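For the sequence shown, the working numbering assigns the number 177 to the initial residue and increments by one for each residue that follows. Just so it is clear, CB atoms sit at the ideal spot from N, CA and C, and this is done for glycine as well. None of these values were measured; they are calculated from a predicted model. See below for the structure under consideration.
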Amino acid sequence: MTEKKRLNKKALSRRSFIKRAAVGVAVSVAATYGVTAMMQKSNTDSTNVDMLTISDLELVSKIELRKEDSLIIVDMQNDFLPSGALPVNGGDEIISPINSLAEKFHNKGNTIVMTQDWHPPGHHSFASSHNKEPFEPFESEGIGPVLWPDHCVQGSKGAEFHPDIEAKFAHAIIRKGYHPDVDSYSTFIENDKKTYTGLSGLLNALGIKRIFLCGLALDYCVYYSAIDGKKLGFDVVIPIDLSKAIDSPPGHLSNALQKMMDEGIQFVKSDNIA
Ligand code: VGL
Ligand code: ZN
177 MTEKKRLNKK ALSRRSFIKR AAVGVAVSVA ATYGVTAMMQ KSNTDSTNVD
227 MLTISDLELV SKIELRKEDS LIIVDMQNDF LPSGALPVNG GDEIISPINS
277 LAEKFHNKGN TIVMTQDWHP PGHHSFASSH NKEPFEPFES EGIGPVLWPD
327 HCVQGSKGAE FHPDIEAKFA HAIIRKGYHP DVDSYSTFIE NDKKTYTGLS
377 GLLNALGIKR IFLCGLALDY CVYYSAIDGK KLGFDVVIPI DLSKAIDSPP
427 GHLSNALQKM MDEGIQFVKS DNIA
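Next up, the structure:
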């Protein structure tokens, strides 16, 4: 191991220790003061220099597209965008640059897949199904670590792709989260860790070796898809300027970035994909 890597590793394990401590504090703060206090703590946490942030990531300087590359555009639906039921901060800023990248893939004849969060009414991930408030911590098999506002209900306006996201280049649309009791953050395998969505079969049948994941949300569906994609044998790249995070509970994004780094997932600026 090089000296630089060793130092890096040391710094990272220190980060995850501090991060765990910070999350512990946040959770007890939340227990005492409720979710609003927890959300405010989240804002102060993101300025903590010891939490891993997007600017700490090492970026690949340039990536040339190969024919075995596929672009996966995750959950660019009305409900995750401003004025939606579960808006992700800055989600609207990534619409146009995702369209540009999709055009690049399309022009080179590369496969593009879009995903859609697709819940039945009364889904178990909804706070309303438990008489609780959105973003309250909640853990049960296939659900959590927090509960969500009702979102992306099958056939609703909120579940439709945002009108400005270019969907015409998509070879396939993968829907997920349609089982009432199980959520699916990953677009490969549901949160029960055994039910496949079919995406890996599709990609394998098409000879895809490397996936580029963009869209919403960086610390949920993009993150879990990246981890599963890697486990399933794909190389995984995240054009980091084309994804935005929810970061609830506090520290969730930092934790996700850490794990993706540890798993060898690559990060690149979308301008540097050619
Ligand atoms: C997502 C929370 C709940 C996502 C979906 O697409 O990241 N996050 N459902
Ligand atoms: Zn959902």
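Quiz prompt | CA-to-CA distance, D447 to A261, given in whole angstroms | solution = Taking the sequence shown and counting its residues from 1, one reaches residue 261 at position 85. Taking the sequence shown and counting its residues from 1, one reaches residue 447 at position 271. Going by the C-alpha atoms only, they are around 31 Å apart.
Practice problem: Pull up the DSSP beta-bridge partners for A303, would you. | Solution: Counting from 1 along the sequence shown, the entry for residue 303 is found at position 127. In DSSP, A303 forms no bridge with anything.
Self-check item: Inter-stretch contact (C-beta, 8 Å, three-pair minimum) for the segment 388 to 401 and the segment 312 to 325
Solution: No, the segment 388 to 401 is not in contact with the segment 312 to 325.
Exercise. Answer with buried or exposed for K284, where buried requires no fewer than 16 other C-beta atoms within 10 angstroms of its C-beta.
Key: Here the question's residue 284 lines up with position 108 in the sequence shown. It counts as exposed.
Practice problem: Could you tell me whether the Cβ atoms of A278 and E342 are closer together than 8 Å? | Solution: Residue 278 sits at position 102 when you count from the first residue of the sequence shown. Residue 342 sits at position 166 when you count from the first residue of the sequence shown. Taking the C-beta atoms as reference points, E342 is found nearer than 8 Å to A278.
Self-check item: Straight-line Cα distance separating D232 from D423
Solution: The residue you call residue 423 lines up with position 247 of the sequence shown. The residue you call residue 232 lines up with position 56 of the sequence shown. Approximately 16 Å between the Cα atoms of the pair.
Practice problem: Counting only the same chain and skipping the five closest in sequence on each side, list residues whose C-beta sits under 6 Å from that of S362. | Solution: Stepping through the sequence shown from its first residue, residue 362 is reached at position 186. For S362, where only same-chain residues beyond five positions count, the Cβ hits under 6 Å are Y400, S401 and D404.
Quiz item: What residues in its chain sit with their C-beta under 7 Å from that of D438, if we drop five residues either side in the sequence?
Solution: As a position in the sequence shown, residue 438 is number 262, starting the count at 1. Around D438: no qualifying Cβ.
Quiz prompt | Whole-angstrom distance between L378 and L247, CA atom to CA atom | solution = As a position in the sequence shown, residue 247 is number 71, starting the count at 1. As a position in the sequence shown, residue 378 is number 202, starting the count at 1. Cα to Cα, the separation comes out at about 13 Å.
Quiz item: Per DSSP, what kind of secondary structure is S430 in: helix, strand or coil?
Solution: Residue mapping note: residue 430 aligns to position 254 of the sequence shown, counting from 1. Of the three classes helix, strand and coil, the one that applies to S430 here is helix, per DSSP.
Exercise. Rounded to whole angstroms, what's the CA-CA distance from D340 to S259? Just pull it up for me.
Key: In the sequence shown, residue 340 corresponds to position 164, counting from 1. In the sequence shown, residue 259 corresponds to position 83, counting from 1. C-alpha separation (whole angstroms): 14 Å.
Quiz item: Where the beta carbon is closer than 7 Å to any heavy atom of ligand 2, which residues qualify, in chain order?
Solution: Residues with a Cβ closer than 7 Å to any heavy atom of ligand 2, in chain order: D293, H295, S301, W324, H327, C328, G353 and D359.
Practice problem: Would you kindly report the start and end of the unbroken alpha helix (DSSP H) that includes P273? | Solution: Indexing the sequence shown from 1 puts residue 273 at position 97. First-last of the alpha helix (DSSP H) with P273: I271 to N283.
Quiz prompt | Beta-carbon contacts of A346 that lie in its chain and below 6 Å, excluding the five residues immediately before and after | solution = Residue numbering aside, residue 346 sits at position 170 when the sequence shown is read from its first letter. Closer than 6 Å at the Cβ level, and outside the excluded window around A346, lie I288 and M290.
Practice problem: Assign K420 to buried or exposed, taking buried as 16 or more other Cβ atoms, counted over all protein chains shown, within 10 Å of its Cβ. | Solution: For the purposes of this step, residue 420 is taken as the residue at position 244 of the sequence shown. Buried is the call here.
Quiz item: Are the beta-carbon atoms of V329 and H295 separated by less than 8 Å?
Solution: Taking the sequence shown and counting its residues from 1, the one referred to as residue 329 is at position 153. Taking the sequence shown and counting its residues from 1, the one referred to as residue 295 is at position 119. Cβ atoms of V329 and H295: closer than 8 Å.
Self-check item: Residue nearest to R351 in terms of C-alpha spacing, selected from Y372, D357, P415 and D368
Solution: Here the question's residue 351 lines up with position 175 in the sequence shown. It is Y372 whose Cα lies nearest to the Cα of R351.
Quiz item: Helix, strand or coil: how does DSSP classify Y209 here?
Solution: On the sequence shown, residue 209 is found 33 positions in, with the first residue counted as 1. Bear in mind that a pLDDT of 35 at Y209, under 50, signals an unreliable position, so the number given afterwards is only what the model happens to contain. In the three-state scheme derived from DSSP, where H, G and I count as helix and E and B as strand, Y209 is classed as helix.
Quiz item: If you run the structure through DSSP and keep just helix, strand and coil, what is A343?
Solution: Counted from its first residue, the sequence shown places residue 343 at position 167. Three-state DSSP puts A343 in coil, outside helix and strand.
Practice problem: With a 10 Å radius around its C-beta and 16 neighbouring C-beta atoms as the bar for buried, classify N286 as buried or exposed. | Solution: Position 110 of the sequence shown, counting from 1, holds the residue named residue 286. With at least 16 other beta carbons inside 10 angstroms of its own, N286 counts as buried.
Exercise. Could you spell out the range, first to last residue, of the alpha helix (DSSP H) harbouring D404?
Key: Here residue 404 refers to the residue found at position 228 when the sequence shown is read from its first residue. Here the alpha helix (DSSP H) through D404 covers C397 to K407.
Quiz item: Does ligand 1 have a heavy atom nearer than 7 Å to the CB of Y396?
Solution: As a position in the sequence shown, residue 396 is number 220, starting the count at 1. Flag set: Cβ of Y396 near ligand 1.
Quiz item: Among the residues of its own chain, which have a CB less than 6 Å from the CB of P273, if the five just before and after it don't count?
Solution: For the purposes of this step, residue 273 is taken as residue 97 along the sequence shown, with counting starting at 1. The beta carbon of P273 sits closer than 6 Å to the beta carbons of L418 and S446 from its chain, once the five residues preceding and following it are set aside; these are given in chain order.
Quiz prompt | Closest by C-alpha distance to I414, when choosing among F443, L241 and G374 | solution = Counted from its first residue, the sequence shown places residue 414 at position 238. Answer by Cα proximity: F443.
Quiz item: Alpha carbon to alpha carbon, what distance is there between G383 and D251?
Solution: What you label residue 251 is simply residue 75 of the sequence shown in a count that begins at 1. What you label residue 383 is simply residue 207 of the sequence shown in a count that begins at 1. Straight through space, the alpha carbons of G383 and D251 are spaced by roughly 24 Å.
Quiz item: Can you tell me where the beta strand (DSSP E) with S231 in it begins and where it stops?
Solution: Start at 1 with the first residue of the sequence shown, and residue 231 comes out as number 55. Run containing S231: none; DSSP gives neither H nor E here.
Exercise. Can you grab the Cα-Cα spacing for the pair F281 / K308, in whole Å?
Key: Stepping through the sequence shown from its first residue, residue 281 is reached at position 105. Stepping through the sequence shown from its first residue, residue 308 is reached at position 132. When only Cα atoms are considered, F281 and K308 end up about 43 Å apart.
Practice problem: Kindly indicate which three-state DSSP category D438 falls into: helix, strand or coil? | Solution: The sequence position of residue 438 within the sequence shown is 262, counting from 1. Residue state, collapsed to three classes: helix.
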